[in-house]
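K.L.:
Structure provided below as structure tokens; questions to follow.
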Amino acid sequence: MRRPLAVAGCSTLALTLLLFLHLLVRHNNGARVVELFSSRLWFGTRESGNSSNPSTKSLKSYSSDLSLVFSRERDHVVHETMHGPPLNLHSVAPRQVLPEKPLSVKMLPFWKSFLAGSFAAIISGIVTHPIDLIKVRLQLLGATQQISFQSKTASRKSMSMFQMVTFIAHQEGLLMLYAGVGANLARQVTMIGTQFGTYDLLKIVFYLPGEEMSTGKTFFCGLCAGVVGALFGNPADLVMVRMQADGRLPVKLRRRYKGFRDAVSRIILEEGFFSLWQGFGVTTLRSVIVVSSQLPTYDACKAFLSLKFGIRGGVLSQILSSAVAGSVSAFASTPVDLVKSRLMDMKADPSGNVPYQGMMDCFAKTVREEGPQTLFQGVGPSCIRHIPLSIVRFLSLELLKKLFRV
Numbered sequence: 021m022r023r024p025l026a027v028a029g030c031s032t033l034a035l036t037l038l039l040f041l042h043l044l045v046r047h048n049n050g051a052r053v054v055e056l057f058s059s060r061l062w063f064g065t066r067e068s069g070n071s072s073n074p075s076t077k078s079l080k081s082y083s084s085d086l087s088l089v090f091s092r093e094r095d096h097v098v099h100e101t102m103h104g105p106p107l108n109l110h111s112v113a114p115r116q117v118l119p120e121k122p123l124s125v126k127m128l129p130f131w132k133s134f135l136a137g138s139f140a141a142i143i144s145g146i147v148t149h150p151i152d153l154i155k156v157r158l159q160l161l162g163a164t165q166q167i168s169f170q171s172k173t174a175s176r177k178s179m180s181m182f183q184m185v186t187f188i189a190h191q192e193g194l195l196m197l198y199a200g201v202g203a204n205l206a207r208q209v210t211m212i213g214t215q216f217g218t219y220d221l222l223k224i225v226f227y228l229p230g231e232e233m234s235t236g237k238t239f240f241c242g243l244c245a246g247v248v249g250a251l252f253g254n255p256a257d258l259v260m261v262r263m264q265a266d267g268r269l270p271v272k273l274r275r276r277y278k279g280f281r282d283a284v285s286r287i288i289l290e291e292g293f294f295s296l297w298q299g300f301g302v303t304t305l306r307s308v309i310v311v312s313s314q315l316p317t318y319d320a321c322k323a324f325l326s327l328k329f330g331i332r333g334g335v336l337s338q339i340l341s342s343a344v345a346g347s348v349s350a351f352a353s354t355p356v357d358l359v360k361s362r363l364m365d366m367k368a369d370p371s372g373n374v375p376y377q378g379m380m381d382c383f384a385k386t387v388r389e390e391g392p393q394t395l396f397q398g399v400g401p402s403c404i405r406h407i408p409l410s411i412v413r414f415l416s417l418e419l420l421k422k423l424f425r426v
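Reading the sequence shown from the start, the letters are residues 21 to 426 in the numbering used here.
This is the structure in structure tokens:
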């Protein structure tokens, strides 16, 4: 009973959040006004060249700032702060038009960011799917479940990446490295595409003309994007993990899903509709960790390379930034990713008992029975997967965004 209520509550909350953000963006003048006043109330005002006491500002000054904000909104102008120091609102006369040179980069609406993120995720997902399957198989080694493998090598609790590839090729065939690729593509659209779209939408909401996005704001945008992405992408993620792990089960215990649609329909008929959100808590936690570490790291690296080394907006900047972002997110998410894989793959025995009672129980049993180092089992394939995945994904994303701006 708890799972349906939790999923229904999270769904309502996420849809309400998306509707609220959509309304804010549609009427983003109001969002700028809220941001302007809240920044002054919470963090004080910026220092002005002719003001000895910036905390005491007249109503005329506020109206001047607001008129400047509205004039910028009417002209659809966005200031890119990486190409120069932040502008001081108090030093600019009311209704003054900003110079054209440092101004560029038209922000994309939600649906364009969603499409760009989805296509980029599909391209990277196809390229890195075999590595992801190997990672899942390594994470499931030693899982608390009665499984009889046909090979002594597979019964080990620790295997190298090369040993796992050799075992899969020998026992199941190389084509099995692409098992569950259909579910993976559905996951890329429903989870990753939603994450990119929500992240860009939130950046538009929190963006204040003439100011840089703070680290706290980008982290919050990533956190919210991770929650929304997990909510919409959990069913496809569940199906993908099960299809990737099916080959490790004995023949009589295999689920033998024919594809993504068959898997979804069978899960609903055999286990119930809300079973599609099995492991939703740990999926949300992993999604939040990945998005809040990957996307802000990517933006921060691009800004750092631009300011310190003069590498601005080119392919080299995108490759270096995405490689760093992929490494950070891989290390940060590996323990949670291992627990997620085990929770999604677990199967009830004939008496109805399951190996793990939840996320914390899986964490505790894994550490107690296999040691804390097991939480980082599969970190090698995870890094090998995340780095090229991030590079392909962000390069594709930047290219698609440029195409959508035309």
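Built from N, CA and C at the ideal position, the CB exists for glycine as well.
With burial defined as no fewer than 16 other Cβ atoms inside 10 Å of the residue's Cβ, what is the status of K328: buried or exposed?
P.N.:
Taking the first residue of the sequence shown as position 1, residue 328 is located at position 308. The residue in question, K328, is exposed, as its Cβ has fewer than 16 Cβ neighbours within 10 Å.
K.L.:
Whole angstroms is fine: what's the gap from L251's alpha carbon to A203's?
P.N.:
Sequence index remark: in the sequence shown, residue 251 carries index 231 (1-based). Sequence index remark: in the sequence shown, residue 203 carries index 183 (1-based). Taking the straight line joining both Cα atoms gives about 16 Å.
K.L.:
Please confirm whether V302 and V356 have their CB atoms less than 8 Å apart.
P.N.:
Translated into positions along the sequence shown, residue 302 becomes position 282. Translated into positions along the sequence shown, residue 356 becomes position 336. Contact flag set, yes.
K.L.:
Can you tell me whether A384 is buried or exposed? The criterion is at least 16 other CB atoms within 10 Å of its CB, across all chains shown.
P.N.:
In the sequence shown, residue 384 corresponds to position 364, counting from 1. Looking at its Cβ environment, which holds fewer than 16 other Cβ atoms inside 10 Å, A384 is exposed.
K.L.:
Kindly indicate which three-state DSSP category Q298 falls into: helix, strand or coil?
P.N.:
For the purposes of this step, residue 298 is taken as the residue at position 278 of the sequence shown. Note: Q298 maps to coil in three-state DSSP.
K.L.:
Check whether the Cβ atoms of Q159 and R362 lie closer than 8 Å to each other.
P.N.:
Your numbering for residue 159 matches position 139 in the sequence shown. Your numbering for residue 362 matches position 342 in the sequence shown. Cβ atoms of Q159 and R362: closer than 8 Å.
K.L.:
By a C-beta neighbour count over all protein chains shown, 10 Å radius and 16 as the cutoff for buried, is K278 buried or exposed?
P.N.:
Sequence index remark: in the sequence shown, residue 278 carries index 258 (1-based). So K278 counts as exposed.
K.L.:
F293 lies in the alpha helix (DSSP H); which residues open and close that run?
P.N.:
Numbered from 1 along the sequence shown, position 273 holds the residue referred to as residue 293. From DSSP, F293 is part of no alpha helix (DSSP H); its letter is neither H nor E.
K.L.:
If the criterion is Cβ atoms closer than 8 Å, does the pair P270 and L296 meet it?
P.N.:
In the sequence shown, residue 270 corresponds to position 250, counting from 1. In the sequence shown, residue 296 corresponds to position 276, counting from 1. Not in contact: P270 and L296 (Cβ atoms no closer than 8 Å).
K.L.:
Flag this pair as yes or no: are the beta carbons of V352 and I309 separated by less than 8 Å?
P.N.:
Walking along the sequence shown from the start, residue 352 turns up at place 332. Walking along the sequence shown from the start, residue 309 turns up at place 289. Residue identity check: residue 352 is Ala in the sequence provided, not Val. Yes, the Cβ-Cβ distance between A352 and I309 is below 8 Å.
K.L.:
Using the three-state DSSP reduction, which class does R281 fall into: helix, strand or coil?
P.N.:
Counted from its first residue, the sequence shown places residue 281 at position 261. R281 falls in the helix class under three-state DSSP.
K.L.:
Distance check for N373 and A345, CA to CA, integer angstroms please.
P.N.:
In the sequence shown, counting from the first residue as 1, residue 345 sits at position 325. In the sequence shown, counting from the first residue as 1, residue 373 sits at position 353. Going from the Cα of A345 to the Cα of N373 covers about 40 Å.
K.L.:
So, with DSSP's three-state summary, where would you put K237?
P.N.:
The residue you call residue 237 lines up with position 217 of the sequence shown. Note: K237 maps to helix in three-state DSSP.
K.L.:
Tell me, to the nearest whole angstrom, how far the beta carbon of Q215 is from that of G246; I am working on the premise that it is less than 8 Å.
P.N.:
Within the sequence shown, residue 215 is the residue found at index 195, counting from 1. Within the sequence shown, residue 246 is the residue found at index 226, counting from 1. Their Cβ separation, rounded to whole angstroms, is 6 Å, which keeps Q215 and G246 in contact under 8 Å.
K.L.:
With DSSP as the reference, label M366 as helix, strand or coil.
P.N.:
In the sequence shown, the residue the question calls residue 366 occupies position 346. Correct three-state label for M366: coil.
K.L.:
Taking S186 as part of the alpha helix (DSSP H), name the residues at either end of that continuous run.
P.N.:
By 1-based counting over the sequence shown, the position of residue 186 is 166. Before going on, a small fix: residue 186 reads as Thr here, not Ser. Note, T186: alpha helix (DSSP H), M181 to Q191.
K.L.:
If you follow the alpha helix (DSSP H) that V399 is part of, which residue opens it and which one closes it?
P.N.:
If you number the sequence shown from 1, residue 399 lands on position 379. Counting along the chain, the alpha helix (DSSP H) containing V399 begins and ends at V399 to R425.
K.L.:
Are at least three pairs of beta-carbons, each pair with one atom in the region 223-238 and one in the region 276-294, less than 8 Å apart?
P.N.:
In short, these stretches do not touch, since the Cβ pair count stays below three.
K.L.:
Can you give me the Cβ contacts of S488 inside the same chain, cut-off strictly under 6 Å, excluding the 5 residues immediately before and after it?
P.N.:
Only positions 21 to 426 of the chain appear in the structure, and residue 488 is not among them; the question remains open.
K.L.:
Cα separation between P375 and L358?
P.N.:
Here the question's residue 375 lines up with position 355 in the sequence shown. Here the question's residue 358 lines up with position 338 in the sequence shown. If you take the alpha carbons of P375 and L358, they lie about 15 Å apart.
K.L.:
I need the straight-line Cα distance from S347 to H406, nearest angstrom please.
P.N.:
Position 327 of the sequence shown, counted from the start, is the residue given in the question as residue 347. Position 386 of the sequence shown, counted from the start, is the residue given in the question as residue 406. Distance between the alpha carbons of S347 and H406: 7 Å.
K.L.:
Going residue by residue through the region 196-254, where are the continuous alpha helix (DSSP H) segments of at least 4 residues, counting only ones entirely within it?
P.N.:
Listed in chain order, the complete alpha helix (DSSP H) runs (minimum 4 residues) inside the region 196-254 are 201-207 and 214-226.
K.L.:
Go ahead and label Q397 buried or exposed: buried means 16 or more other beta carbons lie within 10 angstroms of its beta carbon, across all protein chains shown.
P.N.:
Position 377 of the sequence shown, counting from 1, holds the residue named residue 397. Per the 10 Å Cβ criterion, buried.
K.L.:
Under a three-way DSSP split, which group does G330 fall into?
P.N.:
For this step, residue 330 is matched to residue 310 along the sequence shown. Of the three classes helix, strand and coil, the one that applies to G330 here is coil, per DSSP.
K.L.:
Does DSSP put L395 in a helix, a strand or coil?
P.N.:
The sequence position of residue 395 within the sequence shown is 375, counting from 1. In the structure shown, L395 sits in a helix (DSSP, three-state: H, G or I).
K.L.:
Between E192 and L153, what straight-line distance do the alpha-carbon atoms span, to the nearest angstrom?
P.N.:
Here the question's residue 192 lines up with position 172 in the sequence shown. Here the question's residue 153 lines up with position 133 in the sequence shown. Cα-Cα distance, rounded: 13 Å.
K.L.:
How should V156 be labelled, buried or exposed, when 16 other C-beta atoms within 10 angstroms of its C-beta is the threshold for buried?
P.N.:
On the sequence shown, position 136 is the one that residue 156 refers to. Looking at its Cβ environment, which holds 16 or more other Cβ atoms inside 10 Å, V156 is buried.
K.L.:
What would DSSP say about Y318, mapped onto helix, strand or coil?
P.N.:
Residue 318 sits at position 298 when you count from the first residue of the sequence shown. DSSP places Y318 in helix when its eight states are reduced to three.
K.L.:
Going by beta carbon distance, what residues of the same chain come within less than 8 Å of Q314, once the five residues before and after it are set aside?
P.N.:
Counted from its first residue, the sequence shown places residue 314 at position 294. So the qualifying residues of the chain are G242, A345, G346, V348, S349 and S410.
K.L.:
State the DSSP-derived secondary structure class of V374, mapped to helix, strand or coil.
P.N.:
Your numbering for residue 374 matches position 354 in the sequence shown. Note: V374 maps to coil in three-state DSSP.
K.L.:
Which two residues bound the contiguous alpha helix (DSSP H) that contains G430?
P.N.:
Outside the modelled stretch of the chain, which goes from 21 to 426, sits residue 430, for which no answer is possible.
K.L.:
Closer than 8 Å by C-beta to M181: which residues in its own chain qualify, once you throw out the five before and the five after it? Chain order, please.
P.N.:
Stepping through the sequence shown from its first residue, residue 181 is reached at position 161. Cβ neighbours of M181 beyond the five flanking positions: I154, L158, G400, P401 and I404.
K.L.:
Which residues mark the beginning and the end of the alpha helix (DSSP H) in which R388 is found?
P.N.:
Against the sequence shown, residue 388 aligns to sequence position 368. Taken as a continuous stretch (DSSP letters only), the alpha helix (DSSP H) holding R388 covers M379 to E390.
K.L.:
Distance check for G213 and L415, CA to CA, integer angstroms please.
P.N.:
On the sequence shown, residue 415 is found 395 positions in, with the first residue counted as 1. On the sequence shown, residue 213 is found 193 positions in, with the first residue counted as 1. Answer to the nearest angstrom: the Cα atoms are 15 Å apart.
K.L.:
Sort V259, T354 and M380 by Cα distance to S285 and report the nearest one.
P.N.:
Position 265 of the sequence shown holds residue 285. Among V259, T354 and M380, the Cα nearest to that of S285 is on V259.
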